[in-house]
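4 protein chains.
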Amino acid sequence: MKFKVFSELSYEVYMPSTFIFNIEGAKTVNQTILEEALTIEPQFKLEAFNSQNGTRFLRLEVDNPINFKINYTAIVETNYIIINERPLRGEAIISKLDAEVIPYLFPSRYCQSDKLQRLATKEFGGIMDDYAKVVAIADWIFNNVEYLSGSTNSSTSALDTISERAGVCRDFAHLGIALCRALSIPARYFTGYAFKLNPPDFHACFEAYIGGKWLFFDATRLIPINGLVKIANGRDAADAAVASIFGSTFCNYINVGCQAIDDDFKPYNYWDNKEGGLCYG
Amino acid sequence: MKFKVFSELSYEVYMPSTFIFNIEGAKTVNQTILEEALTIEPQFKLEAFNSQNGTRFLRLEVDNPINFKINYTAIVETNYIIINERPLRGEAIISKLDAEVIPYLFPSRYCQSDKLQRLATKEFGGIMDDYAKVVAIADWIFNNVEYLSGSTNSSTSALDTISERAGVCRDFAHLGIALCRALSIPARYFTGYAFKLNPPDFHACFEAYIGGKWLFFDATRLIPINGLVKIANGRDAADAAVASIFGSTFCNYINVGCQAIDDDFKPYNYWDNKEGGLCYG
Amino acid sequence: MKFKVFSELSYEVYMPSTFIFNIEGAKTVNQTILEEALTIEPQFKLEAFNSQNGTRFLRLEVDNPINFKINYTAIVETNYIIINERPLRGEAIISKLDAEVIPYLFPSRYCQSDKLQRLATKEFGGIMDDYAKVVAIADWIFNNVEYLSGSTNSSTSALDTISERAGVCRDFAHLGIALCRALSIPARYFTGYAFKLNPPDFHACFEAYIGGKWLFFDATRLIPINGLVKIANGRDAADAAVASIFGSTFCNYINVGCQAIDDDFKPYNYWDNKEGGLCYG
Amino acid sequence: MKFKVFSELSYEVYMPSTFIFNIEGAKTVNQTILEEALTIEPQFKLEAFNSQNGTRFLRLEVDNPINFKINYTAIVETNYIIINERPLRGEAIISKLDAEVIPYLFPSRYCQSDKLQRLATKEFGGIMDDYAKVVAIADWIFNNVEYLSGSTNSSTSALDTISERAGVCRDFAHLGIALCRALSIPARYFTGYAFKLNPPDFHACFEAYIGGKWLFFDATRLIPINGLVKIANGRDAADAAVASIFGSTFCNYINVGCQAIDDDFKPYNYWDNKEGGLCYG
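Here the protein sequences line up with chains U, H, V and C, keeping their order. The opening position of the first sequence corresponds to residue 0 in numbering that gives the first Met the number 0, with each subsequent residue numbered one higher. The opening position of the second sequence corresponds to residue 0 in numbering that gives the first Met the number 0, with each subsequent residue numbered one higher. The opening position of the third sequence corresponds to residue 0 in numbering that gives the first Met the number 0, with each subsequent residue numbered one higher. The opening position of the fourth sequence corresponds to residue 0 in numbering that gives the first Met the number 0, with each subsequent residue numbered one higher.
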């Protein structure tokens with residue numbers, strides 16, 4: 000699939016500040032950036048660096064009080080795999096996990112899986128295979144947590160959401176991750192551009208490591224899950240925020256979009272196809 | 000029913016300290032203290048005072064580092080009512096509540112009902128009458144929270160228990176209260192001596208205000224609910240702790256007991272008799 | 000002192016709902032309501048009831064989806080006492096407290112004093128007399144917590160504020176109360192109309208029980224502390240909210256005011272007069 | 000310096016479980032393992048893997064209920080540097096940080112730096128250079144938090160410690176890390192064997208990234224800071240627990256030791272030498 004994505008963010012900066020942005024499409028085996036352009040007005044020196052998993056960070060230092068705008072556009076080709084097979088039938092074998100997957104078993108800032116083990120085991124522990132467990136987790140969140148714009152803030156965590164039962168995509172993702180890890184299933188945060196998201200915005204979802212692959216889940220069910228362009232992965236939003244800001248600034252404008260370039264986009268949702276999981280690789 | 004109850008507590012006191020004890024049987028319309036004795040070794044001046052709802056407090060000031068023991072025994076006659084009738088069929092009408100019941104609608108230290116409204120409404124909101132709602136709450140707690148000695152401490156609250164899913168009688172009571180209040184049903188904490196509690200200890204349960212009466216619930220199901228001698232009511236354990244201590248002390252011994260004096264004690268449990276609620280008055 | 004106060008609140012009601020309002024001036028020994036008027040449009044039956052400490056509640060039941068407005072105006076005469084004397088020099092003697100003051104020693108929903116004992120003892124424990132301790136608490140809050148409109152919400156508690164260090168008048172009051180109780184000084188929440196508060200709004204402060212009297216403190220220092228008309232006291236905002244609402248509604252308008260009628264208002268602030276505490280009785 | 004270190008841990012395993020241990024001395028440029036031996040009784044297959052920063056993990060799968068013991072001994076040579084120089088005089092320049100240091104700026108499970116920014120800025124923001132800031136943080140923790148065995152548990156975080164003001168080495172380290180990150184100074188968790196720690200145990204401290212180096216801090220002041228053998232670094236204890244256990248087990252024995260082999264160990268403490276920071280490399 001090919002998508003055209005863009006984001007525009009505008010900031011007022013009150014004192015010398017550093018920004019770390021995650022807005023560029025990730026470069027992975029399954030996702031290719033065909034074209035892209037990044038502009039800043041006024042011009043600043045940007046520094047780019049990558050994490051191991053393909054996430055691309057932009058670092059920008061602003062020395063003086065100023066207003067600036069950052070603008071990203073890209074055409075991205077994504078390939079996903081639908082996995083119908085046996086591997087999804089098993090259970091996580093921690094002793095077989097690659098070393099780099101291990102950290103995704105541990106609790107993190109917004110995903111206090113250590114506190115949710117009894118709840119997760121009670122609700123989902125009896126389900127036999129890992130893929131079915133994570134589908135059940137995502138279904139449970141969809142059915143029990145209300146999607147409510149403005150109900151949470153940047154310090155809201157999975158532990159808040161499990162009791163307060165309202166949140167936005169970020170909170171749905173954090174709770175999904177926390178419940179997976181509470182069952183010893185590695186899980187990570189996923190941010191991206193999302194086709195058909197209404198109103199348009201950055202989107203947050205999660206991936207669970209099942210049968211040696213990162214399977215994709217979206218407990219909000221707001222979009223077809225095959226319409227995403229990955230920006231970043233991380234343990235949770237602390238690692239993969241759209242903008243991590245060190246200083247004093249105010250974001251006064253944000254505009255995000257994602258369009259399918261091909262005509263033949265066929266929505267795919269795991270909740271209609273319980274046998275087949277989707278993997279962005 | 001007649002019960003013989005006793006409690007012995009022993010403290011090491013390291014600096015001038017004040018104790019407020021709730022260990023005496025409450026004097027209410029439905030509970031009569033037939034005999035009682037209170038001793039302290041060495042002797043201290045005790046001051047007694049009562050709250051409006053019949054709870055009896057003992058205040059004791061210790062000026063010097065010392066070890067002391069407090070000992071209470073009583074024979075208490077309790078009368079409870081089984082309510083099978085129509086009043087239980089309705090829903091709480093806040094506009095009809097007496098003024099003194101209103102505070103039991105509000106959140107308190109260990110019962111953050113304000114944060115559990117969505118969860119409570121989702122799980123129990125569809126149940127028609129209030130008594131059935133509270134039975135469902137107590138059943139849900141019994142089925143979803145593990146009774147686990149030592150798993151919690153004096154700062155554990157309903158908000159912790161709803162996510163961590165383990166606790167002791169106090170935590171079961173707090174969660175019951177919080178879920179009731181989240182549905183606009185007044186609820187209060189109840190402490191007492193409990194017949195057949197094993198191991199013997201002070202017990203904590205809760206009462207919900209339904210059809211103009213305080214109905215009794217015990218989500219732990221550890222005891223027959225008609226075997227209690229009430230010590231205190233309060234909004235939660237902050238109001239009705241066995242001992243509130245201001246100073247520096249250590250409790251090095253505690254021994255509690257409750258025996259039925261009559262031979263004909265017939266256990267009653269609302270969970271076996273869903274039509275009939277029990278009220279201590 | 001005489002003040003003219005008013006408040007107007009307007010609500011959209013979506014389903015049958017019950018409101019409990021605290022907007023009327025309290026009737027106490029030291030505060031007299033000279034005139035008052037309460038109107039509701041459209042007309043509803045209101046029920047009034049009082050708590051023991053003079054707080055006046057209004058209960059209003061709305062059966063149908065509707066918009067309504069409640070309007071209160073009053074002329075109130077207040078008398079306060081400035082206490083310069085010896086009683087303020089001592090320390091709280093719990094064994095001498097009246098029974099009705101005891102509950103104000105215990106932790107409550109927004110004032111988790113049980114968790115702040117070490118902090119309070121470290122910061123303020125070495126100060127000799129209770130009045131000086133509470134002045135130090137209010138000064139510390141003023142100096143260490145940022146007054147920031149919109150930084151908190153209705154579930155923010157003293158435990159949040161002690162770490163996050165920002166809040167509004169309600170949060171300043173809760174933290175003051177929690178720190179007092181952590182030192183075994185009874186403390187309670189105070190809401191009222193406040194002269195010279197800018198922008199005009201309901202105001203929240205706290206009172207500490209020292210030398211047998213409730214002394215008044217305002218850690219925000221936003222107003223002269225002798226310009227208040229008391230509405231309610233309570234353990235914290237859970238007891239004394241302007242509006243406790245059971246149902247589904249939205250407040251779409253609020254307007255509050257307080258003017259001195261006498262010409263000779265002389266602002267008094269304990270922080271300029273460390274020897275003299277103010278008591279509304 | 001040369002140290003002989005050992006640890007013995009014994010577990011009861013109730014169901015198939017996986018263990019990830021961090022008990023081996025790290026292999027870094029500045030730390031050499033001269034000898035080491037690892038034994039398990041009964042014998043199990045262990046799998047070893049390393050993180051990028053030299054931390055060595057041991058993964059062990061236990062299929063059946065069993066009791067087992069793991070035993071590690073090593074002779075380790077450590078080299079540390081004392082840094083007296085100019086680099087410590089500057090402030091963190093986020094725009095110059097290496098990509099792999101960036102994650103240590105972000106909040107993590109036990110270090111909610113996002114919630115402590117106002118507090119950290121108020122207390123330490125006015126101090127000019129980063130090294131002096133972190134020394135002030137460690138001093139503040141030493142002076143304001145009580146070291147109290149058994150006061151906390153595995154879910155205690157920096158946010159708890161900032162209000163409750165008691166904890167063990169792990170809590171002191173988490174609070175140090177959180178306060179550094181709140182000031183945009185990268186900080187990480189450090190676990191190791193500690194010479195002269197009494198009673199002997201694993202020890203937890205923290206490192207802050209200053210002038211391009213990881214400087215070592217121990218807010219507990221329980222040991223000379225040049226007597227450590229590093230086991231692991233991580234964002235916090237979630238990454239670097241002595242044992243992360245997936246399953247149902249009970250640790251019934253733990254014994255840890257660290258002895259200096261050289262006779263000439265001269266204790267070094269940054270709090271006596273405020274000009275010189277210590278770096279383990």
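Built from N, CA and C at the ideal position, the CB exists for glycine as well.
DSSP places asparagine 251 (chain C) inside the beta strand (DSSP E), whose first and last residues are 248-259.
Taking alanine 207 (chain H) as the centre and dropping the five residues before and after it, the same chain places the C-beta of Val133, Cys179, Ile184, Ala186, Leu214 closer than 6 Å to its C-beta, in chain order.
Collapsing the DSSP output to three states places phenylalanine 201 (chain U) in a strand.
The Cβ-Cβ distance between threonine 54 (chain V) and alanine 231 (chain V) falls below 7 Å.
For alanine 119 (chain C), the enclosing alpha helix (DSSP H) starts and ends at 116-123. Near chain U, meaning a CB-to-CB distance below 8 Å, the residues of the region 136-149 of chain H are Asn143, Glu145. The C-alpha of glycine 24 (chain U) lies about 7 Å from the C-alpha of valine 228 (chain U). Taken through DSSP and simplified to helix, strand or coil, phenylalanine 141 (chain H) comes out as helix.
When DSSP states are grouped into helix, strand and coil, isoleucine 126 (chain C) belongs to the coil group. About 7 Å separates the Cβ atoms of leucine 182 (chain V) and glycine 124 (chain V), confirming a contact at the 8 Å cut-off. Taking 7 Å as the cut-off, the beta carbon of alanine 165 (chain V) is found closer than this to the beta carbon of arginine 117 (chain C). Between the beta-carbon of alanine 203 (chain V) and that of alanine 177 (chain V) there is about 14 Å, and that puts the pair past the 8 Å contact cut. Taken residue by residue, none of the region 43-57 of chain V has a beta-carbon sitting less than 8 Å from a beta-carbon on chain C. Of the residues C:Ala36, C:Pro223, C:Phe105, the one whose Cα lies closest to the Cα of phenylalanine 264 (chain C) is C:Pro223. A straight-line Cα-Cα distance of about 31 Å links glycine 246 (chain C) and isoleucine 32 (chain C).
Under the three-pair Cβ rule at 8 Å, the region 9-19 of chain U does not count as touching the region 65-85 of chain C. Rounded to the nearest angstrom, the gap between the Cα atoms of proline 106 (chain V) and tyrosine 188 (chain H) is 15 Å.
Leu158, Ile161, Ser162, Glu163, Arg164, Ala165: these are the residues of the region 158-184 of chain U whose beta carbon lies less than 8 Å from some beta carbon of chain H, given in chain order. Taking a C-beta cut-off of 7 Å against chain V, the contacting residues of the region 105-128 of chain H are Phe105, Pro106, Ser107, Arg108, Gln111, Asp113, Lys114, listed in chain order.
For tyrosine 109 (chain V), same chain residues with a beta-carbon under 7 Å away, outside a window of 5 residues either side, are Ser156, Ala157, His173, Asp235, Ala236, Ala237 in chain order.
Positions of the beta strand (DSSP E) runs, each at least 3 residues long and wholly inside the region 57-91 of chain U, are given as 65-77, 80-82 in order along the chain. DSSP places glycine 276 (chain V) in the uninterrupted beta strand (DSSP E) bounded by 276-278. Around the CB of cysteine 257 (chain V), 16 or more other CB atoms lie within 10 Å, so the residue is classed as buried. Below 8 Å, enough C-beta pairs join the region 29-47 of chain H and the region 69-76 of chain H to call them touching: three or more.
About 7 Å separates the CB atoms of leucine 8 (chain V) and tyrosine 252 (chain V); that is less than 8 Å, so the two are in contact.
Distance check between phenylalanine 5 (chain V) and each of V:Ile244, V:Asp271, V:Cys250, V:Gly191 places V:Gly191 closest, using alpha-carbon atoms only.
Residues Ala137, Ile140, Phe141, Phe171, Gly175 of the same chain have their beta carbon placed closer than 6 Å to that of alanine 218 (chain H), with the five preceding and five following residues left out of the count. In this structure, the straight-line span from the alpha carbon of glutamate 99 (chain H) to that of asparagine 83 (chain H) is close to 25 Å. Within the same chain, Glu11 come within 6 Å of phenylalanine 249 (chain C) by CB-CB distance, once the 5 residues on both sides are set aside. In the three-state reduction of the DSSP assignment, phenylalanine 5 (chain V) falls in the strand class, which pools E and B.
DSSP links leucine 227 (chain U) through a beta bridge to U:Ala193. Here the alpha carbons of glycine 211 (chain H) and threonine 27 (chain V) stand approximately 31 Å from one another. Taking the Cβ atoms as the reference, asparagine 78 (chain U) lies roughly 4 Å from asparagine 29 (chain U), within the contact range of under 8 Å. The beta carbon of alanine 47 (chain C) sits closer than 6 Å to those of Leu57, all from its chain and outside the five residues before and after it, given in chain order.
If the five residues before and after asparagine 21 (chain U) are omitted, its C-beta is found closer than 7 Å to the C-beta atoms of Thr54, Phe56, Thr190, Ile230, Ala231, Ala239, Ala240, Val241, all from its own chain and listed in chain order.
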